[in-house]
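Protein chains in written order, with my numbering: chain P, 1152 to 1449; chain V, 853 to 1172.
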Amino acid sequence: MNAILGNRNALLGLVILAIFAAMALVGPIMVGDATAYVGSPLEPPSAAHWLGTNGQGQDVLAQTVAGARPTLAVGFIVGIAVVAIGAFIGTAAGYFGGRIDGALHLVINVFLVMPGLPLMVVIAAYLPPGPVTIAFVLILTGWAWSARVIRSQALALRKQDFVAASIVSGEGHLRIIVIEILPNLLPLVASAFIGATVYAIGAQVGLEFLGLGDVSQITWGTNLYWASNDAALLTGSWWTFVPTGACVALVGFAMALVNHAIDEIGNPRLAAQPAYERALERAGVEAGHATVVLKGKR
Amino acid sequence: MMDDEPVLEVERLSVAYLTGRGAVPAVDEVSLTIAPGEIVGLAGESGCGKSTLIRSILRVLPAPGAIIGGDVRIAGQDVLAMSERELQRLRWREVSWVSQSAMSSLNPVMTIGAQIEDVIEAHEGRNAKATTRAGELLDLVGVGARRLSAYPHELSGGQRQRVGIALALALSPRLIIMDEPTTALDVVVQKAILQRVVALQQERGFSVLFITHDLSLMLQLCARVGILYAGRLVEMGPASQIARAPQHPYTRGLLGSRLAHDSSGGSPRPIPGTPPDLLHLPPGCAFAPRCDRAVDDCRRSVPRLPTTAAEHRVACPVVS
């Protein structure tokens, strides 16, 4: 924990995420009813409406804040589900090997070769619109990637001596998987979770922008859908889509920062890199494959 | 080139790891000379800078390591001023390296013959004689030319280490740096391989820089020996003299902490304390906090090896 808080990247990422979490939890109370018609359509930002109004005359700030909760909820639920399914199937395939691996690996590969985006669009259009459908579609099309990555790592760990030792000492399969193998996969699982969540938020916003979500609900995706429907681009009403777009980008940015920090903490050499590069820059020396020489340049 | 020109001259070489918590001085003003045909050993415990030193000499130390001072000349050529192309030509032709783990330095999907030929052809171009020479090299190190088409996994650990030595000999370099070449092997195989190295060395006349933490082994094998502590050379001298009359308290500690081969030596005496944190080195002699003979003088300035021509030199104000 100290390592995470001591890392500037991680700290910035976590602060941004905390702000969005607060926005999702208590924001709707602060901004009032986001569905209320409070002004004339497409009013530019003003003192009364900080981010202007949308094509329906609703407050854009209230809509952006109200959209955070359902969007982030679906994003994190999908992220957790994708990684949980991936870890379960991936470790099972990697650990047991043989026929079990053959069968699971086949299923993983089938899901991997299916083109994700068209499949998402078809299933989302077929099922009743709403956040549950979106989450289901994203989990269905997203789990195979993390299962594949975790399987290959589990496969490598399976052959390590400490796993052989725990088999010899009579530990059960479940215990070996959960106690011996999974902790070694944690950095991978953490970064798979972050990747899956960012993907889920982006894909969910994309699907809803295409009108495949429940358009009567307020989410970041439907905000963009309505902005497009109400001809925001034609009329140049940037305030109707920029705030939502910025929110999506910021969440993705913060997650990427945390991901990078996890990498740095797991790999000390990466953490030393910035200091090394600054020293080279000060000396005016370029890094290469050979060890750098900073004689008399410090 | 003159015959008595040193094959390796290291002068006040300093190497540091530039990390976020400051520059970690891993090698501090180490000077070392190796004459043609000489076997020189460097010993010290884990983390004393042995591997950092030889990687810096070859300039293969990865980031964030950087050479921050001193000079390195191999066969009279200034290594620190070389471009990557020049280094490429120098490495293996003038100086080669046998790494700690031959297991991981051999490519598992290539036959050992192909790997030796690769080395030859990388420096001399396509070469019809490469295969014959690879076979001769395997004969030389005692693996046998008939194993040319063997893959690394088909060989034992000792054989793989021999292949590593064959690779190092491929271009008849003047200097071979051996980084704990036999640590992973049992003593019988270790002895056989080192005897082969000595025989080859006498036959071909190359020089060897031998790095190890096994002091007894080194004292048997090397003509001259240096002792490293916290990145500094604390004692340097003929192996026979250091074995018989070690001067520096740390060298004495190292020798005293060995298990005697017969019953005469009594039980080993460990050196109290632990090696220092390189980021927070004590002022003066780095060994002073663990030394039972330390005086105030030891904590004032860093003792260095005297630059005299004496054979046996020691960096300690108390004993010298």
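All C-beta atoms, glycine included, are put in the ideal place defined by N, C-alpha and C.
Quick one: what's got a C-beta closer than 6 Å to Thr885/V's C-beta in the same chain, skipping five residues either side?
Pro858, Glu861
Below 6 Å CB to CB, which residues in the same chain sit around Ala1169/P once its five sequence neighbours on both sides are set aside?
none
Report the partner residues of Gln929/V according to the DSSP bridge assignment.
Ile926/V
CB Ala1351/P to CB Val1225/P, shorter than 8 Å?
yes
How many Å lie between Asp1381/P and Trp1294/P at the Cα?
35 Å
Is DSSP giving Pro1141/V helix, strand or coil here?
helix
Residues of its chain near Ala974/V, where Cβ-Cβ distance is below 6 Å and the 5 sequence neighbours each way are ignored
Non-local beta-carbon contacts of Ala974/V in its own chain, meaning distances under 6 Å to residues more than five positions away in sequence, are absent.
Check whether the segment 922–929 of chain V and the segment 890–901 of chain V are in contact - that is, three or more C-beta pairs closer than 8 Å.
no
Using a 10 Å radius around the Cβ and a threshold of 16 neighbouring Cβ atoms, would you call Tyr1188/P buried or exposed?
When all chains shown are included, Tyr1188/P counts as exposed.
Which complete alpha helix (DSSP H) runs does the segment 1141–1166 of chain V hold, if anything under 4 residues is left out?
none
Measuring CB to CB, does Trp1296/P end up less than 8 Å from Leu1333/P?
no
Quick check on Pro1425/P - is its C-beta less than 8 Å from some C-beta in chain V?
yes
Interface residues of chain P around Ser908/V at Cβ under 7 Å?
Thr1442
My output table needs one value for Leu1027/V: the three-state DSSP class, helix, strand or coil.
For Leu1027/V, the secondary structure class from DSSP, reduced to helix, strand or coil, is strand.
The segment 1319–1338 of chain P in contact with the segment 1392–1404 of chain P per 3-pair CB rule at 8 Å
no
Based on the DSSP secondary-structure assignment, which residues constitute the bridge partners of Tyr1277/P?
Tyr1277/P pairs with nothing; no bridge assigned.
Taking a Cβ distance cut-off of 7 Å, strictly less, list which residues of the segment 913–947 of chain V are near chain P, in chain order.
Leu913, Ala915, Pro916, Gly917, Ala918, Ile919, Ile920, Gly921, Leu932, Glu936, Leu939
For the candidate residues Thr1242/P, Pro1179/P, Val1443/P, whose alpha-carbon lies nearest to that of Asn1335/P?
When each option's Cα is compared against that of Asn1335/P, the closest is Thr1242/P.
Please report the residue range of the alpha helix (DSSP H) in which Leu1336/P lies.
Annotation: the continuous alpha helix (DSSP H) that includes Leu1336/P extends over 1333–1360.
Could you confirm whether any beta carbon from chain V is found closer than 8 Å to the beta carbon of Leu1162/P?
no
Below 7 Å on C-beta distance, what does Gly872/V contact in chain P?
Ala1422, Ala1423, Pro1425, Ala1426
Can you give the beta carbon distance from Pro1114/P to Arg1220/P, rounded, assuming they're within the 8 Å contact cut?
Missing from the structure shown is residue 1114/P; chain P here goes from 1152 to 1449 and no further.
Given this structure, state the Cα-to-Cα distance separating Arg907/V from Cys1143/V, to the nearest angstrom.
30 Å
Could you name the residues that DSSP lists as bridge partners for Ser866/V?
Gly921/V
Can you tell me whether Gln1209/P is helix, strand or coil according to DSSP?
strand
Measure the alpha-carbon distance for Arg1096/V versus Gly1078/V and round it to whole angstroms.
15 Å
Is Ala1430/P close to chain V? Criterion is C-beta to C-beta, closer than 8 Å.
yes
Do Leu1408/P and Leu1163/P have their CB atoms nearer than 8 Å?
yes
Determine the DSSP secondary structure at Leu1193/P, reduced to helix, strand or coil.
Coil, per DSSP.
Thinking Thr871/V and Ala1423/P are a contact (beta carbons under 8 Å), I'd like their distance in whole angstroms, please.
4 Å
Under 8 Å Cβ to Cβ from Gly889/V, same chain only, skipping five residues before and after it: list those, please.
Gln1053, Gly1057, Phe1058, Ser1059
How many angstroms separate the CA atom of Ala1430/P from the CA atom of Leu1255/P?
When rounded, the separation of the alpha-carbon atoms in Ala1430/P and Leu1255/P is 49 Å.
8 Å Cβ cutoff met for Ala1018/V and Val995/V
yes
Which of the three DSSP states is assigned to Ala1036/V in this structure?
coil
Taking C-beta pairs closer than 7 Å, name the residues in chain P that Arg911/V reaches, listed in chain order.
Ala1441, Thr1442
Measure the Cβ-Cβ separation of Val1086/V and Ala1167/V and say whether it is below 8 Å.
One thing to note: Val1086/V has its Cβ within 8 Å of the Cβ of Ala1167/V.
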